[in-house]
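*Asks:* Can you keep this structure in mind? I'll have questions shortly.
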Amino acid sequence: MKHSFDPNEVRSAYWLSAPALILMLALLLLPTLAVLVLSFTDAELGVPQVNFRGLAAYADLLNDRTFLGAVKNTALYVLLVVPASVVLGLGLAMLIEADDLFKPFFRSIYFLPVVSLLVAMASVWQYLMHPSIGPINMLLNKFGLSSVNWLGSSDNVMGALALIGIWQTVGFNMVLFLAGLTSINRDLYAAAEMDGARSAWSRFCVVTWPMLGPTTLFVLTISVINAVKVFETVATLTQGGPGKASDVLLWVIYEEGFVHLQIGAASAMAMVFIAVLLVLVLIQTRVLEKRVHYT
Amino acid sequence: MQGENSQFDAASATPALHLQAIEKSFGDNRILTGIDLQVRAGEFIALVGPSGCGKSTLLRIAAGLERPDSGRVLLNGKDLTAARAADRDMAMVFQSYALYPHLSARQNMALPLVMRRLSALERLPWVGRFIGETRAKLAAIRQEIEQSAHTLKITPLLDRKPAQMSGGQRQRVALGRALVRHPKAFLMDEPLSNLDASLRVHMRTEIAELHHRAGVVTVYVTHDQEEALSIADRVAVMMGGRILQLDTPQAIYRDPQHIDVACFIGSPRINIIPVEVSSNRRAYWGEVELARGCEFPDEGAFRLAIRPEALKLHSDPQPGAFAVHLHRVEFLGVEALCHLVLPGSDVALVTRQSPEIATQLKKQMDMSHVLYASALDTDWLAFNENGQRVALHLPTQVTPIALSRLHDEAFI
Chain A
561 MKHSFDPNEV RSAYWLSAPA LILMLALLLL PTLAVLVLSF TDAELGVPQV
611 NFRGLAAYAD LLNDRTFLGA VKNTALYVLL VVPASVVLGL GLAMLIEADD
661 LFKPFFRSIY FLPVVSLLVA MASVWQYLMH PSIGPINMLL NKFGLSSVNW
711 LGSSDNVMGA LALIGIWQTV GFNMVLFLAG LTSINRDLYA AAEMDGARSA
761 WSRFCVVTWP MLGPTTLFVL TISVINAVKV FETVATLTQG GPGKASDVLL
811 WVIYEEGFVH LQIGAASAMA MVFIAVLLVL VLIQTRVLEK RVHYT
Chain B
263 MQGENSQFDA ASATPALHLQ AIEKSFGDNR ILTGIDLQVR AGEFIALVGP
313 SGCGKSTLLR IAAGLERPDS GRVLLNGKDL TAARAADRDM AMVFQSYALY
363 PHLSARQNMA LPLVMRRLSA LERLPWVGRF IGETRAKLAA IRQEIEQSAH
413 TLKITPLLDR KPAQMSGGQR QRVALGRALV RHPKAFLMDE PLSNLDASLR
463 VHMRTEIAEL HHRAGVVTVY VTHDQEEALS IADRVAVMMG GRILQLDTPQ
513 AIYRDPQHID VACFIGSPRI NIIPVEVSSN RRAYWGEVEL ARGCEFPDEG
563 AFRLAIRPEA LKLHSDPQPG AFAVHLHRVE FLGVEALCHL VLPGSDVALV
613 TRQSPEIATQ LKKQMDMSHV LYASALDTDW LAFNENGQRV ALHLPTQVTP
663 IALSRLHDEA FI
């Protein structure tokens, strides 16, 4: 379709969208561009001399054990947190949806971790997971199980962080799924029942799961992005340790840029980080979106 | 209470679908009280009533989607009260169509057959088709869908998803999904109310034809009295959780047993005049005697009702006619509605007239608003204070010749 626009209207359109455009440019696009430019240099905070290094910083990353370890740890974290928090979120949402009486109560309870300050809650988790005085280990001991060194052992630390991550994400996912569930046309369940869907499982397959498609895609996207961005728990509880066992992308970038002051190298890592996020989001929206919207 | 008892010979056969002594409340809210509905084999029953009268709840109880507090649901003599909806062998069509939006029309229609004929194992994606006779079963289902699609003329739509179809097309697919199963009963919950007016009229003819061909018991819920009258073998008028009357469309219209039925059925609404019956068993509205040839069974307060088309207008006083004031004339194309009031009151009446007469009346309105209305004694209906119909006695037998003469003397 071709439109011919009144030049006056075009001008006012630009005027009206200018504040938003300028803010987006200044706060999102320009900083990203600056990071991209910095990633081609050896910029160091406090050192006035800046040399152009091209793609050298990126080449360095390929051999950087710390960075590669962080990528591996972050991927592990995402793989642990996302499926568990999506499945648990959906399960909780369906349980809560099925009960009218306690719906508001459970909805608030499970949403609490989302609204609480994670940095503050981290100290609670530190206490809970304390190897000797932590209630979790005391509980394990009571059932005759041996204590687990949650945050202090390099084998367990990512699992323990993932547990906290799941705790934090489930409530948010649950609320999103609840919204999705309430928007399902009740007649569809009646129709499925008439059509011979006897078991709860077959009704789930025929109605709930397909109808939640768009919600699930959204939940998945948000969960992945949030999991890739894991930082607070690492910064407050483990600082990447023990050793480098809980180094994650954002933590490594933070250390490189703000502790070692290597702005150039940190920028290159940030670009990789952004690229990973972009690819994930693109895959999810482009590939999956076609399968979950039925128009 | 119900006119159906006289027509239904209880000894002849068990009803195909019998809703027996159904009671249902939601909390303190009483939805259905003492419902007894017997649907004969192959019959098309319309449940009609204002919103909130319990008609949809009754249908959902028949379907098994809702449990009655007490009472039984019998299909061909079999007690299904405890049976699940999936096991009742009934199909339902919903107002919202309730098609699965992620499935094509073909898959939507296949679903009830797949769910019934294939085991959970055979329904598994990818692997299911290699188990047992899955392939043969799927081929049979495919063929049955083609047949039903042909009947409903939706073959070209089979590969489309609901979002790619118009409302009418979706409703056809929903009908198809009910039809493929060859159920023992069709239950339809306002299937046409989401369609526009002209399509609605068209689709109701098609539904009637489908029913005629399939000959399967159908219970059809609607709030549209015209739709109910036009489509059903018998109409059950529901109000306040009860069936006020179950009868043929003609009987429901001409012979309503309750004033609420009389008021709900027919458009424009039936005219109601509150009257006082004196000791001589004649009805008076103030000083004016109405329905002169009719003798009431009792004295006291009654309500006289007359259909708009039964009320004749005259320009001059006539024996048996009463004075009315012409208030407004409304043209509807093929006919015109004349809105009247009884002099010095707010009792409004309406009559149907031919457009020619209406034109003339309108001209005359400038000179005088006063007209004279009359009706045949046989057309008056009387209801007592509880709304129950009372029989009127006609002592002076009116001969057919006299009847036709009265009609000739109508206005002009």
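Residue numbers (the numbering used here), protein chains in the order written: chain A, 561 to 855; chain B, 263 to 674. Glycine residues also receive a C-beta, built at the ideal position from the N, C-alpha and C atoms. Given the structure is predicted, the values throughout are model-derived calculations rather than measurements.
(1) Could you spell out the range, first to last residue, of the alpha helix (DSSP H) harbouring B:Y515?
(2) Which of helix, strand or coil does DSSP assign to A:F665?
(3) Using 8 Å as the limit for Cβ to Cβ distance, is A:L748 near chain B?
(4) Report yes if the CB atom of A:G719 is closer than 8 Å to the CB atom of A:L640, and no otherwise.
(5) Go ahead and label B:D421 buried or exposed: buried means 16 or more other beta carbons lie within 10 angstroms of its beta carbon, across all protein chains shown.
(6) Could you give the C-beta distance for B:D321 and B:D451, rounded to a whole number, given that I count them as a contact under 8 Å?
(7) State whether the segment 614 to 633 of chain A contacts the segment 799 to 817 of chain A, with contact taken as three or more CB pairs (one from each stretch) at a distance under 8 Å.
(8) B:M354: buried (16+ other C-beta within 10 angstroms of its C-beta) or exposed?
(9) Taking the alpha carbon of B:I534 as the reference point, which residue from B:D517, B:A553, B:A567, B:Q507 has its own alpha carbon closest?
(10) For A:N611, which of A:A619, A:L622, A:S599, A:D620 has the nearest alpha-carbon?
(11) Runs of 3 residues minimum, wholly inside the segment 543 to 597 of chain B: which ones carry the beta strand (DSSP E) assignment?
(12) Can you tell me which residues form a DSSP beta bridge with B:C600?
(13) Using a C-beta cutoff of 8 Å, does B:S358 count as contacting chain A?
(14) Between the C-alpha atoms of A:S572 and A:F565, what's the straight-line distance to the nearest angstrom?
(15) Quick check on DSSP: helix, strand or coil for B:M629?
(16) At which residue ranges does the segment 798 to 831 of chain A contain complete alpha helix (DSSP H) runs of 4 or more residues, listed in the order of the chain?
(17) Any C-beta of chain A sitting closer than 8 Å to the C-beta of B:R462?
(18) With 9 Å as the limit, tell me which residues of the segment 316 to 347 of chain B have their beta carbon closer than that to any beta carbon of chain C; keep them in chain order.
(19) Quick one: which residues of the segment 762 to 784 of chain A get their C-beta closer than 9 Å to a C-beta of chain B? List them in chain order.
(20) Where does A:G704 sit, in a helix, a strand or coil, going by DSSP?
(21) Look up B:A490 in the DSSP assignment and say whether it is helix, strand or coil.
(22) Can you round the beta-carbon distance between B:H601 and B:V612 to whole angstroms, since I take them to be within the 8 Å contact cut?
(23) Measuring only the C-alpha atoms, how far is B:P374 from B:E328?
(24) Got a sec? Which residues, its chain only, sit under 6 Å from B:T510 by beta carbon, not counting five neighbours each side?
(25) From B:M627 to B:T621, what does the alpha carbon distance come to, in whole angstroms?
(26) I need the DSSP call for B:P536, collapsed to helix, strand or coil.
(27) Cβ atoms of B:Y515 and B:P579: under 8 Å apart, would you say?
(28) B:Y362: buried (16+ other C-beta within 10 angstroms of its C-beta) or exposed?
(29) Alpha carbon to alpha carbon, how far is A:T845 from B:I416?
(30) Whose CA, out of A:A617, A:A828, A:F764, lies closest to the CA of A:G651?
(31) So B:G429 and B:L457 are in contact, right, with Cβ under 8 Å, and what is the actual spacing, rounded?
(32) Check whether the Cβ atoms of B:A585 and B:V537 lie closer than 8 Å to each other.
(33) Return the chain-ordered list of same chain residues with a C-beta closer than 8 Å to the C-beta of A:S783, the five sequence neighbours on each side being excluded.
(34) Within the segment 690 to 774 of chain A, note down every full beta strand (DSSP E) run reaching 3 residues or more, in order along the chain.
(35) What three-state label does DSSP hand B:S318 in the structure shown?
(36) Among the residues of its own chain, which have a CB less than 7 Å from the CB of B:W642, if the five just before and after it don't count?
*Replies:* Considering the structure as presented:
(1) In the second sequence, the residue the question calls residue 515 of chain B occupies position 253. Start and end: 511 to 516.
(2) Here residue 665 of chain A refers to the residue found at position 105 of the first sequence. Three-state DSSP puts A:F665 in a helix.
(3) As a first step, residue 748 of chain A is located in the first sequence; it is residue number 188 there, counting from the start. Any Cβ of chain B closer than 8 Å to the Cβ of A:L748 would place that residue at the interface, and such an atom is present.
(4) Here residue 719 of chain A refers to the residue found at position 159 when the first sequence is read from its first residue. Here residue 640 of chain A refers to the residue found at position 80 when the first sequence is read from its first residue. Contact flag set, yes.
(5) Translated into the one-based positions of the second sequence, residue 421 of chain B becomes position 159. It is exposed - the Cβ of B:D421 has fewer than 16 other Cβ atoms within 10 Å.
(6) Translated into positions along the second sequence, residue 321 of chain B becomes position 59. Translated into positions along the second sequence, residue 451 of chain B becomes position 189. It should be pointed out that residue 321 of chain B corresponds to Leu in this sequence rather than to Asp. Sure, about 6 Å apart at Cβ, within 8 Å.
(7) Put simply, the segment 614 to 633 of chain A touches the segment 799 to 817 of chain A. At least three CB pairs are less than 8 Å apart.
(8) Position 92 of the second sequence holds residue 354 of chain B. Classification for B:M354: buried.
(9) As a first step, residue 534 of chain B must be located in the second sequence, where it is residue number 272. For the residues B:D517, B:A553, B:A567, B:Q507, the minimum Cα distance to B:I534 belongs to B:A567.
(10) Sequence index remark: in the first sequence, residue 611 of chain A carries index 51 (1-based). For A:N611, the nearest C-alpha among the options comes from A:S599.
(11) Within the segment 543 to 597 of chain B, the complete beta strand (DSSP E) runs of at least 3 residues are 545 to 547, 550 to 552, 562 to 568, 574 to 576, 584 to 593.
(12) For the purposes of this step, residue 600 of chain B is identified with residue 338 of the second sequence, where counting begins at 1. B:V591, B:T613, per the DSSP bridge assignment.
(13) As a working mapping, residue 358 of chain B is identified with position 96 in the second sequence. It does; some Cβ of chain A falls within 8 Å.
(14) As a first step, residue 572 of chain A is located in the first sequence; it is residue number 12 there, counting from the start. As a first step, residue 565 of chain A is located in the first sequence; it is residue number 5 there, counting from the start. Using only the alpha carbons, I get a separation of about 11 Å.
(15) In the second sequence, counting from the first residue as 1, residue 629 of chain B sits at position 367. The answer is coil: DSSP assigns B:M629 none of H, G, I, E or B.
(16) Within the segment 798 to 831 of chain A, the complete alpha helix (DSSP H) runs of at least 4 residues are 809 to 814.
(17) For this step, residue 462 of chain B is matched to residue 200 along the second sequence. Judged by the 8 Å Cβ criterion, B:R462 is not in contact with chain A.
(18) Of the protein chains in the structure, A and B, none is chain C.
(19) Contacts with chain B (Cβ-Cβ distance below 9 Å) from the segment 762 to 784 of chain A involve S762, C765, V766, V767, P770, M771, G773, listed in chain order.
(20) The residue you call residue 704 of chain A lines up with position 144 of the first sequence. Correct three-state label for A:G704: coil.
(21) For the purposes of this step, residue 490 of chain B is taken as the residue at position 228 of the second sequence. Here B:A490 sits in helix by DSSP.
(22) By one-based count along the second sequence, residue 601 of chain B stands at place 339. By one-based count along the second sequence, residue 612 of chain B stands at place 350. About 5 Å; that satisfies the 8 Å criterion.
(23) Numbered from its first residue, the second sequence carries residue 374 of chain B at position 112. Numbered from its first residue, the second sequence carries residue 328 of chain B at position 66. About 20 Å.
(24) Along the second sequence, read from residue 1 onward, the residue named residue 510 of chain B stands at position 248. Sequence-distant partners of B:T510 (beyond 5 residues in either direction) whose C-beta falls short of 6 Å from its own C-beta, in its chain, are R496.
(25) As a first step, residue 627 of chain B must be located in the second sequence, where it is residue number 365. As a first step, residue 621 of chain B must be located in the second sequence, where it is residue number 359. When only Cα atoms are considered, B:M627 and B:T621 end up about 10 Å apart.
(26) Counting from one through the second sequence, the residue named residue 536 of chain B turns up at place 274. Three-state DSSP puts B:P536 in a strand.
(27) As a first step, residue 579 of chain B is located in the second sequence; it is residue number 317 there, counting from the start. As a first step, residue 515 of chain B is located in the second sequence; it is residue number 253 there, counting from the start. Going by C-beta atoms, B:P579 is not nearer than 8 Å to B:Y515.
(28) As a position in the second sequence, residue 362 of chain B is number 100, starting the count at 1. Here B:Y362 is buried: its Cβ has 16 or more other Cβ atoms, across all protein chains shown, within 10 Å.
(29) Residue 845 of chain A sits at position 285 when you count from the first residue of the first sequence. Residue 416 of chain B sits at position 154 when you count from the first residue of the second sequence. Roughly 34 Å between the two C-alpha positions.
(30) Taking the first residue of the first sequence as 1, we reach residue 651 of chain A at position 91. Nearest C-alpha to A:G651 among A:A617, A:A828, A:F764: A:F764.
(31) For the purposes of this step, residue 429 of chain B is taken as residue 167 along the second sequence, with counting starting at 1. For the purposes of this step, residue 457 of chain B is taken as residue 195 along the second sequence, with counting starting at 1. Yes, B:G429 and B:L457 are in contact; Cβ-Cβ is about 5 Å, under 8 Å.
(32) Taking the first residue of the second sequence as position 1, residue 585 of chain B is located at position 323. Taking the first residue of the second sequence as position 1, residue 537 of chain B is located at position 275. Their beta carbons are not under 8 Å apart, which means B:A585 does not touch B:V537 by this criterion.
(33) Position 223 of the first sequence, counted from the first residue, corresponds to residue 783 of chain A. Only residues of its own chain outside the window of five on either side were considered, and among them V641, V642, S645, V646, T729, N733 have a CB closer than 8 Å to the CB of A:S783, listed in chain order.
(34) Runs of the beta strand (DSSP E) spanning 3 or more residues and lying entirely within the segment 690 to 774 of chain A do not occur at all.
(35) Along the second sequence, read from residue 1 onward, the residue named residue 318 of chain B stands at position 56. Annotated three-state conformation of B:S318 is helix, per DSSP.
(36) Here residue 642 of chain B is taken as the residue at index 380 of the second sequence, counted from 1. Residues A553, C556, L566, I568, L654 of the same chain have their beta carbon placed closer than 7 Å to that of B:W642, with the five preceding and five following residues left out of the count.
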